[in-house]
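Undergrad: Residue numbers (this note's numbering): 38 to 473.
Where is the CB? At the ideal position from N, CA and C, for every residue including glycine.
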Ligand code: CMC
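1. Let me know the secondary structure DSSP gives residue 58 once reduced to three states.
2. Is residue 350 near ligand 1 - that is, is its Cβ less than 7 Å away from at least one heavy atom of it?
3. Under 8 Å by Cβ, that's how I've got residue 405 and residue 342 pegged, so tell me the actual separation to the nearest angstrom.
4. What does the alpha-carbon distance come out to for the pair residue 247 and residue 108?
5. Counting Cβ pairs closer than 8 Å, one from the region 122 to 135 and one from the region 378 to 391, do we hit at least three?
6. Helix, strand or coil for residue 43 per DSSP?
7. Please classify residue 405: does DSSP put it in a helix, a strand, or coil?
8. What is the rounded straight-line gap between the Cα of residue 170 and the Cα of residue 221?
9. My understanding is that residue 72 touches residue 60, with C-beta atoms under 8 Å, so please give their C-beta distance in whole angstroms.
10. How is residue 110 classed by DSSP in three states: helix, strand or coil?
11. Need the endpoints of the alpha helix (DSSP H) that residue 266 sits in, please.
12. Could you check which residue in 433, 182, 389 and 256 has the C-alpha nearest to that of residue 417?
13. Taking residue 68 as part of the beta strand (DSSP E), name the residues at either end of that continuous run.
14. Should the region 186 to 196 be regarded as contacting the region 287 to 304, the criterion being three or more beta carbon pairs within less than 8 Å?
15. Would you check whether ligand 1 has a heavy atom nearer than 7 Å to the C-beta of residue 407?
16. Do the CB positions of residue 433 and residue 269 come within less than 8 Å of each other?
17. Report the rounded CA-to-CA distance for residue 479 versus residue 85, giving the unit in angstroms.
18. Looking at the structure shown, is residue 101 part of a helix, part of a strand, or coil, going by DSSP?
19. Quick one: does the C-beta of residue 329 sit closer than 7 Å to a heavy atom of ligand 1?
20. Let me check you understand the geometry: is the CB of residue 41 closer than 7 Å to at least one non-hydrogen atom of ligand 1?
21. Strictly by DSSP, which residues pair up with residue 348?
22. Give the straight-line distance between the Cα atoms of residue 181 and residue 206, rounded to the nearest whole angstrom.
23. Would residue 103 pass as a contact of residue 353 if the rule is Cβ separation under 8 Å?
24. Per DSSP, residue 249 is paired with what?
25. If you drop the 5 nearest sequence neighbours on each side, which residues of the same chain put their C-beta closer than 7 Å to that of residue 230?
26. Give a yes or no on contact between the region 350 to 367 and the region 322 to 338, applying the rule of three or more CB pairs nearer than 8 Å.
27. Does the region 433 to 451 come into contact with the region 88 to 106, if we say contact requires no fewer than three beta-carbon pairs (one atom in each stretch) closer than 8 Å?
28. Can you grab the Cα-Cα spacing for the pair residue 40 / residue 467, in whole Å?
29. Quick one: does the C-beta of residue 336 sit closer than 7 Å to a heavy atom of ligand 1?
30. Is it true that the region 458 to 472 meets the region 195 to 215, where meeting means three or more beta-carbon pairs spaced less than 8 Å apart?
31. Decide if residue 309 is buried, meaning its Cβ has at least 16 other Cβ atoms within 10 Å, or exposed.
32. Run through DSSP, which three-state label would residue 198 get?
33. Would you mind stating whether residue 444 and residue 190 have Cβ atoms separated by less than 8 Å?
34. Leaving aside the five residues before and after residue 429 along the sequence, list all residues of the same chain whose C-beta is less than 7 Å from its C-beta, in chain order.
35. What would DSSP say about residue 359, mapped onto helix, strand or coil?
36. Assign residue 262 to one of two classes, buried (16 or more other C-beta atoms within 10 Å of its C-beta) or exposed (fewer than that).
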């Protein structure tokens, strides 16, 4: 970041002296006002719950222009990466800042595929869970438990440990997600096959059985790879900020990523794909397209508590570019599987059409986000609804790691410690009569 030819002056109506604050600029996007000395200079904090106007860090990884509906990983538009690169290229890019050349590509693919197995003991750990446990509950536990199995890569201050932990996490996530699925349905775990692609291997671990050979369908393989690319990073969202905050205490990388998984689970964040599909199924059960108008009235009624899941975003005030790509993938997958007339897809398109023309949504700039169509694609592939957020976690792991490692390498990094506006009781004494 660099100082720009501008300064911010904060003045007060009560006559307190005004303060001047430096302004920094990035490479693109809004400038920031440096308020780090504000408390020392004025005895006041800033108040910004939900971080509506607060940049929590400087980052060179992902850039979103919410008004334009633009998403760049290390400067490359998501549309180009989704069509010209694969997920592991994207991982290399996010971690290292550049796309790999041929040799780097081969080496990186080999490195990741060499770490796909998990410690055999983990399956016994997994057995402690109820079989009907939500996969995100299981995954939060499994990822956290990695620190108990891989002691040699838990020192967050050691760059070599961080490098190995990063590769282990990227390589083992598909294995762990598939294991949590197989455990839930009572089928044997499938060991990874390293000659397959990252997404092909995941499909086989999910849907293959030891009884027969599993043939990877290239259309589904590509679709899944695209889902992974589109979810790989999204700058300082809630789960990434959680990973940074958790990691800022110096905890190990597996623990920090487990915190991210836990945060992602919520329906306002990664859990939205599951919530969106449940919403579509509910409307379908109640009468489908004919009931869309009635449903939309509920969404617009603030007292109903009903939201159009898969719509709206804190940053995008335009069409989420990932949603466009996901809709394209949705068409391809449904055509491949002969599901062109899928009622949920029709319903989703109808909801989208009505919402995009409705004043409520237009005024609030609410557009479909990535989760609006991703559930339909995943469901068509055969992934159960409860695992959707697990797939998101798998794909986002690389983003979390890249952001965590960037923070640790930043000389300005400090333990994250927000302040508060205290509104509780001032000091008071416990009544003398209150004695046990
Ligand atoms: N349906 C109906 N109304 C909505 C919706 C929606 N999906 N999203 C926002 N609004 C309304 C909201 O009620 C508010 O109205 P008003 O100004 O009258 O009070 C206005 O639009 C602004 O919304 P907000 O809640 O202040 O916006 P936010 O930035 O705090 O929340 C959000 C963003 C994503 C949490 C929210 O849009 C939402 O809950 N969407 C549904 C859940 C969803 O799809 N989440 C996935 C996000 S993309 C994947 C990811 O990155 O995790």
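TA: Quick look at the numbers:
1. On the chain shown, residue 58 is found 21 positions in, with the first residue counted as 1. Strand.
2. Against the chain shown, residue 350 aligns to sequence position 313. Indeed, a heavy atom of ligand 1 lies less than 7 Å from the Cβ.
3. For this step, residue 405 is matched to residue 368 along the chain shown. For this step, residue 342 is matched to residue 305 along the chain shown. Here residue 405 is actually not in contact with residue 342; their C-beta atoms are around 21 Å apart, not less than 8 Å.
4. On the chain shown, position 210 is the one that residue 247 refers to. On the chain shown, position 71 is the one that residue 108 refers to. For residue 247 and residue 108, the distance between alpha carbons rounds to 41 Å.
5. Fewer than three pairs of CB atoms, one per stretch, sit closer than 8 Å, so the region 122 to 135 makes no contact with the region 378 to 391.
6. Taking the chain shown and counting its residues from 1, one reaches residue 43 at position 6. Note: residue 43 maps to strand in three-state DSSP.
7. Along the chain shown, read from residue 1 onward, the residue named residue 405 stands at position 368. Residue 405: strand per DSSP, three-state reduction.
8. Within the chain shown, the letter at position 133 stands for residue 170. Within the chain shown, the letter at position 184 stands for residue 221. Each residue's Cα considered, the two are about 8 Å apart.
9. Here residue 72 refers to the residue found at position 35 of the chain shown. Here residue 60 refers to the residue found at position 23 of the chain shown. With 8 Å as the limit, residue 72 and residue 60 do not qualify as a contact, their Cβ atoms being about 11 Å apart.
10. By 1-based counting over the chain shown, the position of residue 110 is 73. Collapsing the DSSP output to three states places residue 110 in a strand.
11. Along the chain shown, one-based indexing puts residue 266 at 229. For residue 266, the enclosing alpha helix (DSSP H) covers residues 255 to 267.
12. One-based indexing of the chain shown puts residue 417 at position 380. With distances taken between Cα atoms, residue 417 lies closest to 256.
13. Along the chain shown, one-based indexing puts residue 68 at 31. Counting along the chain, residue 68 falls outside any beta strand (DSSP E), and DSSP gives it neither H nor E.
14. With a cut-off of 8 Å, the region 287 to 304 and the region 186 to 196 count as touching, because enough Cβ pairs lie within range.
15. Indexing the chain shown from 1 puts residue 407 at position 370. For residue 407, the shortest separation between its Cβ and any heavy atom of ligand 1 lies below 7 Å.
16. Taking the first residue of the chain shown as position 1, residue 433 is located at position 396. Taking the first residue of the chain shown as position 1, residue 269 is located at position 232. Yes, these two residues count as a Cβ contact at 8 Å.
17. It is not possible to answer for residue 479, since the shown part of the chain is limited to 38 through 473.
18. Against the chain shown, residue 101 aligns to sequence position 64. In this structure, residue 101 counts as strand in the three-state DSSP scheme.
19. Against the chain shown, residue 329 aligns to sequence position 292. Checking every heavy atom of ligand 1 against the Cβ of residue 329, none is found closer than 7 Å.
20. For this step, residue 41 is matched to residue 4 along the chain shown. Remark: the C-beta of residue 41 is outside contact range of ligand 1, defined as less than 7 Å to any heavy atom.
21. Taking the chain shown and counting its residues from 1, one reaches residue 348 at position 311. BP columns for residue 348 point to 405.
22. For the purposes of this step, residue 181 is taken as residue 144 along the chain shown, with counting starting at 1. For the purposes of this step, residue 206 is taken as residue 169 along the chain shown, with counting starting at 1. Residue 181 and residue 206: Cα-Cα distance of roughly 11 Å.
23. The residue given as residue 103 occupies position 66 in the chain shown. The residue given as residue 353 occupies position 316 in the chain shown. Cβ atoms of residue 103 and residue 353: closer than 8 Å.
24. Counting from one through the chain shown, the residue named residue 249 turns up at place 212. Residue pairing by DSSP places residue 249 opposite 246 in a beta bridge.
25. Start at 1 with the first residue of the chain shown, and residue 230 comes out as number 193. Cβ neighbours of residue 230 beyond the five flanking positions: 238 and 241.
26. Proximity of the region 350 to 367 to the region 322 to 338 falls short of the contact definition, fewer than three beta-carbon pairs being nearer than 8 Å.
27. The region 433 to 451 makes contact with the region 88 to 106, as at least three CB pairs between them are under 8 Å.
28. The residue given as residue 40 occupies position 3 in the chain shown. The residue given as residue 467 occupies position 430 in the chain shown. Rounded to the nearest angstrom, the two C-alpha atoms are 52 Å apart.
29. Taking the chain shown and counting its residues from 1, one reaches residue 336 at position 299. Residue 336 Cβ: within cutoff of ligand 1.
30. Because the criterion of three Cβ pairs below 8 Å is not met, the region 458 to 472 and the region 195 to 215 do not touch.
31. Here residue 309 is taken as the residue at index 272 of the chain shown, counted from 1. Flag for residue 309 reads buried.
32. Taking the chain shown and counting its residues from 1, the one referred to as residue 198 is at position 161. Of the three classes helix, strand and coil, the one that applies to residue 198 here is helix, per DSSP.
33. Taking the first residue of the chain shown as position 1, residue 444 is located at position 407. Taking the first residue of the chain shown as position 1, residue 190 is located at position 153. The beta carbons of residue 444 and residue 190 sit no closer together than 8 Å.
34. Taking the chain shown and counting its residues from 1, one reaches residue 429 at position 392. Only residues of its own chain outside the window of five on either side were considered, and among them 268, 301, 307 and 310 have a CB closer than 7 Å to the CB of residue 429, listed in chain order.
35. Sequence index remark: in the chain shown, residue 359 carries index 322 (1-based). If DSSP states are grouped into helix, strand and coil, residue 359 belongs with the helices.
36. To locate residue 262, count along the chain shown from 1; it is residue 225. The residue in question, residue 262, is buried, as its Cβ has 16 or more Cβ neighbours within 10 Å.
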